[in-house]
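Chemist: Per the working numbering, the sequence shown runs over residues 303 to 392.
Cβ atoms here follow ideal geometry from the backbone N, Cα and C, with glycine treated the same way.
Note that the structure is a prediction, hence the values are computed from the model and not measured.
Below is one structure. I have some questions about it.
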Amino acid sequence: MPRDVRVFLNLFVESRELEKVTESLVKLPEVMDVYEVTGEYDIVVELKAQDILAFRELLKNRVLKIPGVKSTVSSVVLYTHKREGKPIAE
């Protein structure tokens with residue numbers, strides 16, 4: 303049985319467009335959490351897609367078309383050992 307794909311998506315954003323980008327991201331149903339962060343990236347998003355092809359479609363046709371998004375770096379979750387402070391049962 304297929305499982306959803308979880309992805310941490312790190313975004314580089316035009317600084318003057320930060321608020322507009324976050325407003326657009328929170329409207330996407332696949333997006334679970336949106337964080338404005340310090341460091342190398344401007345925004346970190348945790349999202350859930352039906353499968354890797356659905357993630358590809360989301361990235362290409364919606365996220366990368368948001369005005370102000372310069373580029374992204376994706377990290378696909380392979381396995382979750384602990385979530386919300388609780389170990390994950392096998």
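#1: Could you tell me the boundaries of the alpha helix (DSSP H) in which residue 362 lies?
#2: Could you give the residue range of the alpha helix (DSSP H) that holds residue 327?
#3: Apart from the five residues just before and just after residue 343, which ones in its own chain have a Cβ nearer than 8 Å to its Cβ?
#4: Return the CA-CA distance between residue 320 and residue 378, expressed in angstroms with no decimal places.
#5: Please classify residue 349: does DSSP put it in a helix, a strand, or coil?
#6: Would you kindly check if the distance between the Cβ of residue 365 and the Cβ of residue 348 is under 9 Å?
Modeler: This is what the structure holds:
#1: 354 to 363
#2: 320 to 328
#3: 312, 313, 314 and 375
#4: 24 Å
#5: strand
#6: no
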